[in-house]
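Protein chains: 2
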Amino acid sequence: MIPATLIALDWGTSNLRASLLGDDGRLLESRSAPGGVMAVQDGRFAEALFALCGDWIASHDCPLIASGMIGSRQGWREAPYLPCPATLASAATCLTTLEIESPQHPAAKPRLHIAPGLQCIDEQGEFDVMRGEETQIWGAALQGERCCVLPGTHSKWAWLRGAGEISRFATFMTGELYGLLTRHGILGRLMQFDDRPDALRLDEFSRGVELGLARHDRLSHTVFAARTAGLMGKVTAAGLPDYLSGILIGAEIGAATQTEVPPDPITLIGDDALCRRYEIALHLRGLACVRAPDGTTTRGQWLLAMAAGLVGTAR
Amino acid sequence: MIPATLIALDWGTSNLRASLLGDDGRLLESRSAPGGVMAVQDGRFAEALFALCGDWIASHDCPLIASGMIGSRQGWREAPYLPCPATLASAATCLTTLEIESPQHPAAKPRLHIAPGLQCIDEQGEFDVMRGEETQIWGAALQGERCCVLPGTHSKWAWLRGAGEISRFATFMTGELYGLLTRHGILGRLMQFDDRPDALRLDEFSRGVELGLARHDRLSHTVFAARTAGLMGKVTAAGLPDYLSGILIGAEIGAATQTEVPPDPITLIGDDALCRRYEIALHLRGLACVRAPDGTTTRGQWLLAMAAGLVGTAR
């Protein structure tokens, strides 16, 4: 058996993903289960963890590190929000550590280290927060003036400088708004959905992006175009979902880049189909972008564990 | 029995409200039922109508006029969208008329006249539509340069000139977004709701309005403040619903007034509790407003019926 040095947990709202890492941080094995924070009942986080990787814990005398919503108030133990500007080194000094006990595995008492979230305050005095994305960003190991976009339910735009210092960031509820408007709202009633995850109607999506970019300053009005375009026969029922997706992504990009054009190219971190939409939309905004390589979460967790001295310090 | 001259139907998505009007347009009786367009199955609109006011139809040999979603594609008969600029006189020339038949009342074959909706095209070539609000606006009998706001699920801002000519309008999905975000979204999870319809936490609402006014240009980001303010203890769980309501209403007002400050005072048409929120928010934007008197829908329907020659022409 190859000796493992770290068990890295990407523990979000819906899913728990576990990675077993070797002494150079390379991936030995990975597993996942729908054991996210919202799926675990009555605080039975230890149970969910041992169910997924109790055998790893029993076989390898190594620490565990976790990032994501597991450190939220609804998670296992609330981890603090580190104020921006924040670096991986500063995050490594404020991991929240707990000793895990399991009735089924009384001998195994490994230590779990939960990464802090980040907070920032904008010029209006409004807070913003992230949990988990900071670890992905650090996993991308970016240098110098950069802008990172992590598309998703709550998209994050992070501005970096120096050696991976996150100076500020902003959240856009783009994915959640799309889900709410299509699944529960009146806009969805005119729509016909394509269930293939990679399906994308480029023409309708692009038209939506152009509208969202131009009209991000009045989004609660702009999204109504996804109804009127359907009523007036300007966009087909099958094209309306991507038209709305384009409006929302365009509005996000328009808003995020209105006062400051990010340093080129923007780094995209996220799932392939969603990053493709952002690539198209950023291009329509005249902005170049690159994709971060896969595995940023695990890589960030490994770097965090190294900086905290949990694993060998040799890079 | 006082002779009736018109049965006026305010037939929307959720409700059917019927008013029996005398020869001077004064209200003789009114009734309502949850027989809105979405509640009527299999196109049984005649059944819903006769259930609510079959006795009126049998007793009074008078026409019926209807406005609202009953004229939509999902309604009884699709009525056209009249292009803006539009006047009450032009709407009166394009009522959609049908003869009603009921198996239960074979002798009664009254004519139902459905008001057209309105459409307009903005400078970007995007359509907007309304159905029902145009009749309310005409019922307010405004003269000259005016701006009218009808708060609701889909708020409408209409600009008028001359003798009640609606030159253009814009829809904001403010009420729907509030409902989706609080009932189905993550923001609602931190919130504690007050079920009293008139409850309003003025301080939190006003803070939300100020934020929405300042940050209407990035709404999908701005609404996230209703999560972070809760997480950071800046707004209590009980204050968060009104904080979000303020953000959305503030963003609507900020967006609607950013390129053109409406002629003062703005006329508000709608239910009392909601209009009160808009009064407060418009005041924070430095704009004066007045309330239209109650009964604008019925008054507009009466004026429309007069202009169409369905009832006596003497005013």
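For the record, the sequence lines run as chains A and B.
Counting in the numbering used here, the first sequence runs from 14 upward without gaps.
Counting in the numbering used here, the second sequence runs from 14 upward without gaps.
Don't be surprised by glycine CBs; every beta carbon is placed ideally from N, CA and C.
Given that Gly-198(B) touches chain A, what residues does it touch there, using C-beta distances under 7 angstroms?
Here residue 198(B) refers to the residue found at position 185 of the second sequence. Ordered by position in chain A, the residues that pass the 7 angstroms Cβ test against Gly-198(B) are Glu-189, Leu-193.
Give me the Cα-Cα distance between His-229(A) and Ile-70(B), rounded to the nearest whole angstrom.
Taking the first sequence and counting its residues from 1, one reaches residue 229(A) at position 216. Taking the second sequence and counting its residues from 1, one reaches residue 70(B) at position 57. Their backbone Cα atoms lie some 50 angstroms apart in a straight line.
Exposed unless 16 or more other CB atoms sit within 10 angstroms - verdict on Leu-215(A)
Within the first sequence, residue 215(A) is the residue found at index 202, counting from 1. It counts as exposed.
Using a 10 Å radius around the Cβ and a threshold of 16 neighbouring Cβ atoms, would you call Val-142(A) buried or exposed?
The residue you call residue 142(A) lines up with position 129 of the first sequence. Classification of Val-142(A): buried, given that the 10 Å Cβ count is 16 or more.
With three or more C-beta pairs closer than 8 angstroms as the rule, is the segment 203-221 of chain B touching the segment 245-253 of chain B?
The segment 245-253 of chain B vs the segment 203-221 of chain B: in contact.
Less than 6 angstroms between C-beta atoms, sequence neighbours within five positions excluded: which residues of the same chain meet that for Thr-309(A)?
Your numbering for residue 309(A) matches position 296 in the first sequence. For Thr-309(A), where only same-chain residues beyond five positions count, the Cβ hits under 6 angstroms are Gln-149, Gly-152, Ala-153, Ile-282.
For Tyr-94(A), which residues in the same chain have their Cβ closer than 7 angstroms to its Cβ, ignoring the five residues on either side in sequence?
Locating residue 94(A) in the first sequence gives position 81, counting from the first residue. Pro-129, Gly-130, Leu-131, Gln-132, Val-142.
Return the CA-CA distance between Ala-327(A) and Arg-196(A), expressed in angstroms with no decimal places.
Indexing the first sequence from 1 puts residue 327(A) at position 314. Indexing the first sequence from 1 puts residue 196(A) at position 183. Because the pLDDT of Ala-327(A) is 45, which lies under 50, any placement of that residue in the model is unreliable, and the number read from its coordinates should be weighed accordingly. A straight-line Cα-Cα distance of about 49 angstroms links Ala-327(A) and Arg-196(A).
Terminal residues of the continuous beta strand (DSSP E) containing Met-143(A)?
Here residue 143(A) refers to the residue found at position 130 when the first sequence is read from its first residue. 140-143 is the extent of the beta strand (DSSP E) around Met-143(A).
Cβ neighbours of Ile-78(A) in the same chain (closer than 6 angstroms, five flanking residues each side left out):
Translated into the one-based positions of the first sequence, residue 78(A) becomes position 65. Once the five neighbours on either side are set aside, the close Cβ partners of Ile-78(A) are Ala-21, His-126, Gln-314, Ala-318.
Residues, ordered as in the chain, of the segment 256-268 of chain B that lie near chain A by beta-carbon distance below 8 angstroms
From the segment 256-268 of chain B, only Leu-261, Ala-264, Glu-265, Ala-268 have a Cβ closer than 8 angstroms to chain A.
So which residues of chain A does Leu-244(B) contact, with C-beta pairs closer than 7 angstroms?
Locating residue 244(B) in the second sequence gives position 231, counting from the first residue. Val-142, listed in chain order.
Considering Cα atoms alone, identify which of His-167(B), Ser-180(B), Arg-231(B) is closest to Thr-272(A).
To locate residue 272(A), count along the first sequence from 1; it is residue 259. Nearest option by C-alpha distance: Arg-231(B).
Chain-ordered neighbours of Arg-231(A) on chain B, where CB pairs are closer than 9 angstroms
For this step, residue 231(A) is matched to residue 218 along the first sequence. Here the neighbours are Ala-183, Phe-185, His-229, Asp-230, Leu-232, Ala-264, Glu-265, Gly-267, Ala-268, Ala-269, Gln-271.
Of all the residues that make up the segment 96-110 of chain B, which are near chain A by a beta-carbon distance shorter than 9 angstroms?
Legend: CB atoms of the segment 96-110 of chain B lying less than 9 angstroms from CB atoms of chain A are not found in any residue.
Assuming Trp-315(B) is part of the alpha helix (DSSP H), what are its boundary residues?
Within the second sequence, residue 315(B) is the residue found at index 302, counting from 1. From DSSP, the alpha helix (DSSP H) with Trp-315(B) extends over 309-320.
Three-state secondary structure (DSSP) at Gly-325(A)?
Locating residue 325(A) in the first sequence gives position 312, counting from the first residue. Secondary structure at Gly-325(A): coil, using DSSP grouped into helix, strand and coil.
For His-126(A), name the three-state secondary structure that DSSP assigns.
Taking the first sequence and counting its residues from 1, the one referred to as residue 126(A) is at position 113. In the structure shown, His-126(A) sits in a strand (DSSP, three-state: E or B).
Could you confirm whether any beta carbon from chain B is found closer than 8 angstroms to the beta carbon of Val-236(A)?
Stepping through the first sequence from its first residue, residue 236(A) is reached at position 223. It does; some Cβ of chain B falls within 8 angstroms.
With DSSP collapsed to three states, give me the class of Leu-65(B).
As a first step, residue 65(B) must be located in the second sequence, where it is residue number 52. In the structure shown, the three-state DSSP call for Leu-65(B) is helix.
To which residues of the same chain is Trp-24(A) closer than 6 angstroms at the C-beta, ignoring the five residues directly before and after it?
Counting from one through the first sequence, the residue named residue 24(A) turns up at place 11. Excluding residues within five positions, the ones whose Cβ falls inside 6 angstroms are Ala-79, Gly-81, Ile-83.
Quick one: does Glu-139(A) have its CB under 8 angstroms from some CB of chain B?
Along the first sequence, read from residue 1 onward, the residue named residue 139(A) stands at position 126. Yes, Glu-139(A) lies at the interface with chain B (some Cβ there is under 8 angstroms from its Cβ).
What distance in whole Å lies between the Cβ atoms of Ile-15(B) and Gly-38(B), which are believed to be in contact at a cut-off of 8 angstroms?
Your numbering for residue 38(B) matches position 25 in the second sequence. Your numbering for residue 15(B) matches position 2 in the second sequence. Not confirmed; about 13 angstroms, so no contact.
Between Leu-29(B) and Ala-59(B), is the Cβ-Cβ spacing less than 8 angstroms?
Translated into positions along the second sequence, residue 29(B) becomes position 16. Translated into positions along the second sequence, residue 59(B) becomes position 46. Contact check for Leu-29(B) against Ala-59(B) fails: the beta carbons are separated by 8 angstroms or more.
Neighbour flag for Ser-27(A) against chain B, beta carbons, 8 angstroms
Stepping through the first sequence from its first residue, residue 27(A) is reached at position 14. No, no contact with chain B.
Taking the C-alpha atoms as reference points, what is the distance between Ser-168(A) and Met-186(A)?
To locate residue 168(A), count along the first sequence from 1; it is residue 155. To locate residue 186(A), count along the first sequence from 1; it is residue 173. Counting only the Cα atoms, Met-186(A) lies some 6 angstroms from Ser-168(A).
To which residues of the same chain is Met-51(A) closer than 7 angstroms at the C-beta, ignoring the five residues directly before and after it?
Locating residue 51(A) in the first sequence gives position 38, where the first residue counts as 1. Closer than 7 angstroms at the Cβ level, and outside the excluded window around Met-51(A), lie Thr-26, Ser-27.
Under 8 angstroms between the Cβ atoms of Asp-299(A) and Ala-264(A)?
Indexing the first sequence from 1 puts residue 299(A) at position 286. Indexing the first sequence from 1 puts residue 264(A) at position 251. Note on identity: in this sequence residue 299(A) is Gly, with Asp being the wrong assignment. Result no, Cβ atoms of Gly-299(A) and Ala-264(A) do not sit closer than 8 angstroms.
Determine, for Thr-249(B), whether the minimum Cβ-Cβ distance to residues of chain A falls below 8 angstroms.
The residue you call residue 249(B) lines up with position 236 of the second sequence. Chain A contact via Cβ: absent.
Reference Ile-113(B), options Pro-76(B), Cys-97(B), Ser-103(B), closest by Cα
Translated into the one-based positions of the second sequence, residue 113(B) becomes position 100. Proximity to Ile-113(B) across Pro-76(B), Cys-97(B), Ser-103(B) peaks at Pro-76(B), based on C-alpha coordinates.
Chain B within 8 angstroms of Arg-328(A), Cβ atoms only:
Taking the first sequence and counting its residues from 1, one reaches residue 328(A) at position 315. The pLDDT assigned to Arg-328(A) is 40, lower than 50, so where the model puts this residue is not dependable, and the model offers no usable value.
Bounding residues of the beta strand (DSSP E) (the contiguous stretch that carries Gly-35(A))
Translated into the one-based positions of the first sequence, residue 35(A) becomes position 22. Counted as a single uninterrupted DSSP element, the beta strand (DSSP E) harbouring Gly-35(A) occupies residues 29-35.
Buried or exposed (CB count within 10 angstroms, at least 16 for buried), Pro-276(B):
For the purposes of this step, residue 276(B) is identified with residue 263 of the second sequence, where counting begins at 1. Pro-276(B) is exposed by the Cβ-count criterion.
Can you tell me the Cα-Cα spacing of Ile-199(B) and His-234(A), whole angstroms?
As a working mapping, residue 199(B) is identified with position 186 in the second sequence. As a working mapping, residue 234(A) is identified with position 221 in the first sequence. The straight-line gap from Cα to Cα measures roughly 22 angstroms.
Looking only at its chain, what residues have a beta carbon closer than 8 angstroms to the beta carbon of Arg-86(B), apart from the 5 residues adjacent to it on each side?
Mapped onto the second sequence, residue 86(B) falls at position 73. So no residue of the chain qualifies.
Would DSSP call Phe-58(B) helix, strand or coil?
Translated into the one-based positions of the second sequence, residue 58(B) becomes position 45. Three-state DSSP puts Phe-58(B) in a helix.
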